[in-house]
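S.K.: Once you've had a glance at the structure underneath, I'll fire off some questions.
There are 2 protein chains.
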Amino acid sequence: MKRLNSAGILIALTIASASVNAMTERQQWIQPLQPAEIKNPEKVELGKQLFFDPRLSMSGIISCNTCHNLSLGGVDNVKTSIGHKWQAGPVNAPTVFNSSLAIAQFWDGRAEDLKAQAAGPIEAAVEMAMPHTLAVDVIQSIPGYVEQFKRIYGNDKVDMDKITDTIAEFENTLVTPGSRFDLWLQGDDNALTADEREGYDIFASSGCVACHNGPAVGGTSFQKMGVLEPYVSSSPAEGRFAVTGKDAERFMFKVPTLRNVELTYPYFHDGEAATLEEAVDIMGRLQLGRQYSEDELGKIVAFLKTLTGERPAMALPLLPASGDKTPRPEPFR
Amino acid sequence: MKRLNSAGILIALTIASASVNAMTERQQWIQPLQPAEIKNPEKVELGKQLFFDPRLSMSGIISCNTCHNLSLGGVDNVKTSIGHKWQAGPVNAPTVFNSSLAIAQFWDGRAEDLKAQAAGPIEAAVEMAMPHTLAVDVIQSIPGYVEQFKRIYGNDKVDMDKITDTIAEFENTLVTPGSRFDLWLQGDDNALTADEREGYDIFASSGCVACHNGPAVGGTSFQKMGVLEPYVSSSPAEGRFAVTGKDAERFMFKVPTLRNVELTYPYFHDGEAATLEEAVDIMGRLQLGRQYSEDELGKIVAFLKTLTGERPAMALPLLPASGDKTPRPEPFR
Numbered sequence: 001m002k003r004l005n006s007a008g009i010l011i012a013l014t015i016a017s018a019s020v021n022a023m024t025e026r027q028q029w030i031q032p033l034q035p036a037e038i039k040n041p042e043k044v045e046l047g048k049q050l051f052f053d054p055r056l057s058m059s060g061i062i063s064c065n066t067c068h069n070l071s072l073g074g075v076d077n078v079k080t081s082i083g084h085k086w087q088a089g090p091v092n093a094p095t096v097f098n099s100s101l102a103i104a105q106f107w108d109g110r111a112e113d114l115k116a117q118a119a120g121p122i123e124a125a126v127e128m129a130m131p132h133t134l135a136v137d138v139i140q141s142i143p144g145y146v147e148q149f150k151r152i153y154g155n156d157k158v159d160m161d162k163i164t165d166t167i168a169e170f171e172n173t174l175v176t177p178g179s180r181f182d183l184w185l186q187g188d189d190n191a192l193t194a195d196e197r198e199g200y201d202i203f204a205s206s207g208c209v210a211c212h213n214g215p216a217v218g219g220t221s222f223q224k225m226g227v228l229e230p231y232v233s234s235s236p237a238e239g240r241f242a243v244t245g246k247d248a249e250r251f252m253f254k255v256p257t258l259r260n261v262e263l264t265y266p267y268f269h270d271g272e273a274a275t276l277e278e279a280v281d282i283m284g285r286l287q288l289g290r291q292y293s294e295d296e297l298g299k300i301v302a303f304l305k306t307l308t309g310e311r312p313a314m315a316l317p318l319l320p321a322s323g324d325k326t327p328r329p330e331p332f333r
Numbered sequence: 001m002k003r004l005n006s007a008g009i010l011i012a013l014t015i016a017s018a019s020v021n022a023m024t025e026r027q028q029w030i031q032p033l034q035p036a037e038i039k040n041p042e043k044v045e046l047g048k049q050l051f052f053d054p055r056l057s058m059s060g061i062i063s064c065n066t067c068h069n070l071s072l073g074g075v076d077n078v079k080t081s082i083g084h085k086w087q088a089g090p091v092n093a094p095t096v097f098n099s100s101l102a103i104a105q106f107w108d109g110r111a112e113d114l115k116a117q118a119a120g121p122i123e124a125a126v127e128m129a130m131p132h133t134l135a136v137d138v139i140q141s142i143p144g145y146v147e148q149f150k151r152i153y154g155n156d157k158v159d160m161d162k163i164t165d166t167i168a169e170f171e172n173t174l175v176t177p178g179s180r181f182d183l184w185l186q187g188d189d190n191a192l193t194a195d196e197r198e199g200y201d202i203f204a205s206s207g208c209v210a211c212h213n214g215p216a217v218g219g220t221s222f223q224k225m226g227v228l229e230p231y232v233s234s235s236p237a238e239g240r241f242a243v244t245g246k247d248a249e250r251f252m253f254k255v256p257t258l259r260n261v262e263l264t265y266p267y268f269h270d271g272e273a274a275t276l277e278e279a280v281d282i283m284g285r286l287q288l289g290r291q292y293s294e295d296e297l298g299k300i301v302a303f304l305k306t307l308t309g310e311r312p313a314m315a316l317p318l319l320p321a322s323g324d325k326t327p328r329p330e331p332f333r
């Protein structure tokens, strides 16, 4: 290696600083996802088992993974989820991938974090329909679980607090770094095609980034669905209003993450937009008063598809056997 | 190492031959499971993806893995499976683990092999409710699948024959060797406790092995459910009769494998036996005219639990994204 003289050092510093500036500019709205840091692998593993365990439902056939399918985009890809006794839920299942980055959980933000969120669907009548007391009894009766709780918490008394704590710990690991857009954010000019790059320029300059920003490209605020035109929907969901009771927050929903949006169809809280083209077109008109041309739509969608990251590689969990005294599932109760 | 003289060689040969004889005797009824031989890893991987893909169902939420859950015992652990629109199926889901060793598939043996079997539940109205033509259209519309079919079969035309061929190839790998009972069969005297060993002696000497034999401890014949006493059931299933139309074969069912039977509760074609104790008690009385004592039941069950093998470790499959033209799921059709 050649030694640098002081002029060389100056040039090198100038290039580095220009590159830092370029980086900062690229990352103005959206920042690269960071890989998950796993602090307690045993707790993550237990949470994973519980996430996949259909015994947390009254029927014995619905697990967290049924609607937040990790083989798909952390969603079920149906308009609104189908739960206990084939009831249709009121809203489209949000992806569990990168959900740890959101300001709150659920479309209306009624849970402050993943731990609080995890308790909801277990007992919701249209989802897993499992009273918490029964969920605890089931898990407490499975020796292979009790052992793990004991190792992790120092005692073998199972409760909802521990169940949801481990599920949240697992969900915290469900980030999807490594998308082509992140490579570009990190300085790789060749990571995007010209069309994708242009698509991002339109996305940024026409104002999408006002709401879809941060490392998750969303999830940082609540916004009204239908700003310049009302959004017409048969969904009963009223958004933030259901939580705060404030009229001004009617139809305000948490801005969804656009990470892996290619995989999380159909779109919106009611799942009524089947394709990305349709979703972007509606967003442009209703939220920004902007009618994108077909060319623009194509480019924005091309950009959005560069947000598909690496879904975490994981072993299929092997669940411990029920004991003879484990309460049995009751699909028709 | 010491050199053996001729007397030493004779002794060594005698021990070896005694041990071969003991081995042969131990393996008279039940033989150890052999690990799966994977000839075409790409085909196995594609079959695994399809096995886990809920897009093979009309609703978009039921996959092969829903009822043959590989995180559990290759079953759903409910009396009879819940399918499309929450319909209850007529029979208990048999385990997919070691199913490649059975003489035929389904409780009534109506499919000759796993490939023929795989086609059934996809289109059955109470299971996945997906016409084969639509299943093919869906898979053909997913670029990530088409690519794989092309690599494996040399052309990219998807059909049910290829879909079921890959699923069967995957299912062929779902064997569970390494149980404690297999270790004992292979000569490890310490693999079983005295009670478990006694349980096996009762199991063998009282005649259970007449039907529950071979490496899968079952699956080798069809037998009448209720030989010495009729089996009373509200299940509509008539067994082999439904296939052959022969009166003599009414209520003849394929003898289920007892491998991993600890994990495949509830038991019998109608799922009416909740525990192993109950199932063994009924089998003894109805099939063998034998009333086992509580002590005998306990020992037989202890033996049965030594048949739990190693479920295959596998990565959770990551499924390719639908295209914009992929027919969308219709949970309420």
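Here the protein sequences line up with chains A and V, keeping their order. Going by UniProt numbering, 215 is the number at position 215 of the first sequence; the sequence numbering is gapless. Going by UniProt numbering, 54 is the number at position 54 of the second sequence; the sequence numbering is gapless. All residues carry an ideal CB built from backbone N, CA and C; glycine is no exception. Please read these numbers as outputs of a predicted model, since none were measured by experiment.
1. With 7 Å as the limit, tell me which residues of the region 294 to 314 of chain A have their beta carbon closer than that to any beta carbon of chain V; keep them in chain order.
2. Can you list the alpha helix (DSSP H) stretches of 4 or more residues lying completely in the UniProt domain "Cytochrome c" (42 to 150) of chain V, in chain order?
3. Evaluate the contact criterion for the region 71 to 89 of chain A versus the region 100 to 111 of chain A: three or more CB pairs, one atom per stretch, below 8 Å.
4. Going by other Cβ atoms of all chains shown within 10 Å of its Cβ, with 16 needed for buried, is A/Ser-99 buried or exposed?
5. Tell me which same chain residues have a C-beta within less than 7 Å of the C-beta of V/Asn-65, skipping the five on either side of it?
6. So with CB distances below 7 Å, who are the chain V contacts of A/Val-78?
7. Can you list, in chain order, the residues of its chain whose CB lies under 7 Å from that of A/Glu-196, leaving out five sequence neighbours each side?
8. I need the DSSP call for A/Met-252, collapsed to helix, strand or coil.
9. Can you look up A/Lys-299 in the DSSP assignment and give me helix, strand or coil?
10. Bridge partners of V/Gly-239, per DSSP?
11. In terms of residues, what are the limits of the beta strand (DSSP E) holding V/Phe-222?
12. Any idea what DSSP makes of V/Tyr-231, helix, strand or coil?
13. Rounded to the nearest angstrom, what separates A/Asp-156 and A/Gly-144 at their Cα positions?
14. Do V/Asp-137 and V/Pro-327 have their CB atoms nearer than 7 Å?
15. Since residue 348 of chain A meets chain V, which of its residues come closer than 7 Å, beta carbon to beta carbon?
16. With 8 Å as the limit, tell me which residues of the region 117 to 144 of chain A have their beta carbon closer than that to any beta carbon of chain V; keep them in chain order.
17. Could you list which residues in chain V have their beta carbon closer than 7 Å to that of A/Glu-262, in chain order?
18. Is it the case that the Cβ atoms of V/Glu-37 and V/Leu-114 are separated by a distance below 7 Å?
19. Give every residue of the same chain whose Cβ lies closer than 7 Å to the Cβ of V/Thr-308, excluding the five residues on either side of it in the sequence, and list them in chain order.
20. Per DSSP, which residues does A/Ala-313 bridge with? Please list them.
21. Per DSSP, what kind of secondary structure is A/Tyr-153 in: helix, strand or coil?
22. Please tell me whether V/Thr-257 has its Cβ less than 7 Å away from any Cβ of chain A.
23. Kindly say whether V/Ile-167, judged by its beta-carbon, lies nearer than 7 Å to any beta-carbon of chain A.
24. By the three-class DSSP mapping on this structure, what secondary structure does A/Lys-321 have?
25. Roughly how many angstroms separate the alpha carbons of A/His-269 and V/Gln-27, rounded to a whole number?
26. Only counting the same chain, and skipping five residues up and downstream in sequence, which positions put a Cβ closer than 6 Å to that of V/Ala-102?
27. For chain A, find out if any of its Cβ atoms is closer than 7 Å to the Cβ of V/Leu-318; answer yes or no.
28. Report buried or exposed for A/Lys-2, applying the criterion of at least 16 other Cβ atoms within 10 angstroms of its Cβ.
29. Of the residues A/Val-243, A/Phe-251, A/Lys-246 and A/Thr-244, which one's Cα is nearest the Cα of A/Ser-235?
30. Which of the residues in the region 38 to 62 of chain V, read from start to end, lie with their CB under 9 Å from any CB of chain A?
31. Could you run through the region 161 to 194 of chain V and flag, in chain order, every residue whose CB is less than 7 Å away from some CB of chain A?
32. Can you tell me whether A/Ala-273 is helix, strand or coil according to DSSP?
33. Report buried or exposed for V/Ser-322, applying the criterion of at least 16 other Cβ atoms within 10 angstroms of its Cβ.
34. Scan the region 88 to 112 of chain A for residues whose Cβ lies nearer than 8 Å to a Cβ of chain V and list them as they occur along the chain.
35. Does the beta carbon of V/Thr-326 sit closer than 7 Å to a beta carbon anywhere in chain A?
36. Do A/Pro-35 and A/Gln-186 have their C-beta atoms closer together than 7 Å?
M.R.: Concretely, from the data shown:
1. Arg-311, Ala-313 and Met-314
2. 64 to 67, 114 to 123 and 132 to 140
3. no
4. Here residue 99 of chain A refers to the residue found at position 99 when the first sequence is read from its first residue. Buried: at least 16 other Cβ atoms inside 10 Å.
5. Translated into the one-based positions of the second sequence, residue 65 of chain V becomes position 65. If we look at V/Asn-65 and ignore the five residues flanking it on each side, its Cβ neighbours are Phe-51 and Phe-52.
6. Translated into the one-based positions of the first sequence, residue 78 of chain A becomes position 78. Correct list: Gly-60, Ile-61, Pro-329 and Pro-331.
7. Working through the first sequence from its first residue, we reach residue 196 of chain A at position 196. Correct list, in chain order: Ala-302, Phe-303 and Thr-306.
8. Taking the first residue of the first sequence as 1, we reach residue 252 of chain A at position 252. If DSSP states are grouped into helix, strand and coil, A/Met-252 belongs with the strands.
9. Counted from its first residue, the first sequence places residue 299 of chain A at position 299. Correct three-state label for A/Lys-299: helix.
10. On the second sequence, position 239 is the one that residue 239 of chain V refers to. The partner list for V/Gly-239 (beta bridge, DSSP) reads V/Met-252.
11. Counted from its first residue, the second sequence places residue 222 of chain V at position 222. It spans 222 to 224 - the beta strand (DSSP E) in which V/Phe-222 sits, taken as one unbroken run.
12. Within the second sequence, numbered from 1, the residue matching residue 231 of chain V stands at position 231. It is coil, neither helix nor strand.
13. For the purposes of this step, residue 156 of chain A is taken as residue 156 along the first sequence, with counting starting at 1. For the purposes of this step, residue 144 of chain A is taken as residue 144 along the first sequence, with counting starting at 1. Each residue's Cα considered, the two are about 11 Å apart.
14. Taking the first residue of the second sequence as 1, we reach residue 137 of chain V at position 137. Taking the first residue of the second sequence as 1, we reach residue 327 of chain V at position 327. Yes; because the gap between Cβ atoms is below 7 Å, this pair is in contact.
15. This structure does not reach residue 348 of chain A, given that chain A is present from 1 up to 333, and the question cannot be answered.
16. none
17. Within the first sequence, numbered from 1, the residue matching residue 262 of chain A stands at position 262. The answer, in chain order, is Ala-321.
18. Taking the first residue of the second sequence as position 1, residue 37 of chain V is located at position 37. Taking the first residue of the second sequence as position 1, residue 114 of chain V is located at position 114. Cβ distance not < 7 Å, so V/Glu-37 and V/Leu-114 don't count as in contact.
19. Numbered from its first residue, the second sequence carries residue 308 of chain V at position 308. Excluding sequence neighbours, V/Thr-308 sits near Ser-179, Asn-260, Glu-262 and Leu-263.
20. Translated into the one-based positions of the first sequence, residue 313 of chain A becomes position 313. According to DSSP, which records beta bridges pairwise, A/Ala-313 is partnered with nothing at all.
21. Counted from its first residue, the first sequence places residue 153 of chain A at position 153. Note: A/Tyr-153 maps to helix in three-state DSSP.
22. To locate residue 257 of chain V, count along the second sequence from 1; it is residue 257. Chain A contact via Cβ: absent.
23. Residue 167 of chain V sits at position 167 when you count from the first residue of the second sequence. No - not a single Cβ of chain A is within 7 Å of the one on V/Ile-167.
24. Mapped onto the first sequence, residue 321 of chain A falls at position 321. Correcting the residue type first, residue 321 of chain A is Ala in the shown sequence and not Lys. Of the three classes helix, strand and coil, the one that applies to A/Ala-321 here is coil, per DSSP.
25. Translated into positions along the first sequence, residue 269 of chain A becomes position 269. Translated into positions along the second sequence, residue 27 of chain V becomes position 27. Approximately 60 Å between the Cα atoms of the pair.
26. Along the second sequence, one-based indexing puts residue 102 of chain V at 102. Excluding residues within five positions, the ones whose Cβ falls inside 6 Å are Gly-219.
27. Taking the first residue of the second sequence as 1, we reach residue 318 of chain V at position 318. Interface residue, yes.
28. Walking along the first sequence from the start, residue 2 of chain A turns up at place 2. For A/Lys-2, the predicted structure reports a pLDDT of 46, less than 50, and the residue's modelled location is therefore unreliable. The matter cannot be settled from this model.
29. On the first sequence, residue 235 of chain A is found 235 positions in, with the first residue counted as 1. The option with the nearest alpha carbon to A/Ser-235 is A/Phe-251.
30. Gln-49, Phe-52, Asp-53, Pro-54, Arg-55, Ser-59, Gly-60 and Ile-61
31. none
32. In the first sequence, residue 273 of chain A corresponds to position 273, counting from 1. Of the three classes helix, strand and coil, the one that applies to A/Ala-273 here is strand, per DSSP.
33. As a working mapping, residue 322 of chain V is identified with position 322 in the second sequence. It is buried - the Cβ of V/Ser-322 has at least 16 other Cβ atoms within 10 Å.
34. Ala-88
35. The count along the second sequence starts at 1 and reaches residue 326 of chain V at position 326. No, V/Thr-326 does not count as interfacial toward chain A.
36. Mapped onto the first sequence, residue 35 of chain A falls at position 35. Mapped onto the first sequence, residue 186 of chain A falls at position 186. Contact flag unset, no.
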